[in-house]
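K.L.:
Numbering (my numbering) for the sequence shown: 260 to 532.
Glycine residues also receive a C-beta, built at the ideal position from the N, C-alpha and C atoms.
This is the structure I have questions about; it appears just below.
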Amino acid sequence: MESERLNLPTTFSMSLEVMNHELQFSQDPNSKHLGTTVWDASLVFVKFLEKNCRRGKFSPSKLKGKRVIELGAGCGVAGFGMALLGCDVVMTDQKEVLPLLRRNVERNTSTIMQMNPDSFGSIKVAELSWGNEDDIRAVVPPFDYVIGTDVVYAEHLLQPLLQTIYALSGPKTTLMVGYEIRSTSVHEQMLSMWKENFEVKIVPNSKMDDTYQHPSIQLFIMGSKPQAGTSERNLKEIDRITDEVETNDITSKGFDEAEDEVETNQRTFKGID
Numbered sequence: 260m261e262s263e264r265l266n267l268p269t270t271f272s273m274s275l276e277v278m279n280h281e282l283q284f285s286q287d288p289n290s291k292h293l294g295t296t297v298w299d300a301s302l303v304f305v306k307f308l309e310k311n312c313r314r315g316k317f318s319p320s321k322l323k324g325k326r327v328i329e330l331g332a333g334c335g336v337a338g339f340g341m342a343l344l345g346c347d348v349v350m351t352d353q354k355e356v357l358p359l360l361r362r363n364v365e366r367n368t369s370t371i372m373q374m375n376p377d378s379f380g381s382i383k384v385a386e387l388s389w390g391n392e393d394d395i396r397a398v399v400p401p402f403d404y405v406i407g408t409d410v411v412y413a414e415h416l417l418q419p420l421l422q423t424i425y426a427l428s429g430p431k432t433t434l435m436v437g438y439e440i441r442s443t444s445v446h447e448q449m450l451s452m453w454k455e456n457f458e459v460k461i462v463p464n465s466k467m468d469d470t471y472q473h474p475s476i477q478l479f480i481m482g483s484k485p486q487a488g489t490s491e492r493n494l495k496e497i498d499r500i501t502d503e504v505e506t507n508d509i510t511s512k513g514f515d516e517a518e519d520e521v522e523t524n525q526r527t528f529k530g531i532d
């Protein structure tokens with residue numbers, strides 16, 4: 260993957276084997292909406308789940324029945340990874356993306372249910388525009404997990420994203436984000452936002468799939484920052500899920516190292532920049 264993309268956005272469909280299931284995802288190269296493409300960070304995310312699902316907090320025994328909401332679900336790849344581990348997933352996106360998303364959900368759910376229905380959770384599709392209070396109420400927060408991959412490509416989206424995450428979260432919600440670095444400016448602001456508002460850990464490459472990784476794609480696992488009066492027990496609960504996949508704490512030094520890596524490894528991403 261050093262010089263090539265995992266998925267070509269110029270094709271109308273792509274296939275991906277995930278947890279012994281062959282999934283097919285339609286995409287629309289003729290669409291002007293970014294949500295109708297399978298972006299590489301979603302593939303890295305779902306393959307990370309696959310690699311780490313045999314034990315620990317990402318095992319089906321731990322995730323079965325957990326409520327998950329995916330922001331900017333697009334074609335639905337990341338959400339399927341969580342559903343295959345037994346989670347009840349709500350995939351959300353803007354209205355224009357929903358027909359393609361529903362088509363992918365219906366086709367792949369049908370295939371999975373014919374093969375191994377007992378291990379599969381559930382998937383619902385819902386419209387959610389960030390910051391829209393009616394949309395947020397309709398999905399009935401809070402959720403155990405809020406996930407998203409490649410949901411930010413411009414600075415003006417950061418604040419609405421943060422507000423929406425808070426509205427969907429409870430004290431023990433875990434936030435999981437996959438992100439491909441395309442703009443240094445957006446990347447810097449996003450990292451600062453995460454650090455200011457959450458306890459942030461970054462997944463090391465050693466915990467990712469050997470093929471589905473790249474220095475420009477990062478996975479973050481985050482929890483609520485401790486508030487005044489938060490007990491030691493609650494703090495341990497926030498950290499436990501991230502500790503089990505040997506994540507690295509994001510410190511000031513860690514942010515500087517991440518920025519150095521951007522300059523060394525940043526890829527050209529035509530069509531967005």
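1) Measure the Cβ-Cβ separation of A342 and V327 and say whether it is below 9 Å.
2) If you draw a straight line from the C-alpha of L275 to the C-alpha of L434, how long is it?
3) To which residues does DSSP link M435 through a beta bridge?
4) If contact is defined by three or more beta carbon pairs under 8 Å, each pair taking one atom from either stretch, is the stretch 278-294 in contact with the stretch 361-372?
5) Have a look at L387 and Y471 and give me their C-alpha separation to the nearest angstrom.
6) Rounded to the nearest angstrom, what separates V297 and V336 at their Cα positions?
7) Is the distance from the Cβ of T351 to the Cβ of V398 below 9 Å?
8) Check for me: the alpha helix (DSSP H) holding S381 runs from which residue to which?
9) Roughly how many angstroms separate the alpha carbons of F379 and M452, rounded to a whole number?
10) Based on DSSP bridge pairs, tell me the residues matched to D352.
11) In angstroms with no decimal places, state the Cα-to-Cα distance between M273 and M374.
12) Does the count of Cβ pairs from the stretch 444-464 and the stretch 409-417 closer than 8 Å reach three?
13) Please report the straight-line C-alpha distance between K484 and K325, rounded to a whole angstrom.
14) Under the three-state reduction of DSSP, which class applies to M273: helix, strand or coil?
15) Of the residues L302, Q422, D468, G437, which one's Cα is nearest the Cα of K460?
16) Would N289 be called buried (16 or more neighbouring beta carbons within 10 Å of its own) or exposed?
17) Given a cut-off of 9 Å on the beta-carbon distance, is the pair N456 and L421 in contact?
18) Span of the alpha helix (DSSP H) holding K306?
19) Quick one: is the Cβ of K484 within less than 8 Å of any heavy atom of the ligand MN?
20) Have a look at Y404, K454, P419, T443 and flag the residue whose alpha-carbon is nearest the alpha-carbon of P430.
21) Do you know how far the Cα of L293 is from the Cα of G333?
22) Quick check on this structure: which residue in P419, W389, I424, D394 has the alpha carbon closest to the alpha carbon of I406?
23) What separation, rounded to the nearest whole angstrom, lies between the Cα atoms of R264 and V305?
24) Quick check on N311: buried or exposed, where buried means 16 or more other Cβ atoms within 10 Å of its Cβ?
P.N.:
Checking against the coordinates, here is how it stands:
1) yes
2) 24 Å
3) I406, I480
4) yes
5) 29 Å
6) 7 Å
7) yes
8) No alpha helix (DSSP H) holds S381; the beta strand (DSSP E) holding it covers 381-386.
9) 34 Å
10) E386
11) 20 Å
12) yes
13) 21 Å
14) strand
15) G437
16) exposed
17) yes
18) 299-310
19) This structure lacks the ligand MN, and indeed carries no ligand of any kind.
20) Y404
21) 8 Å
22) I424
23) 16 Å
24) buried
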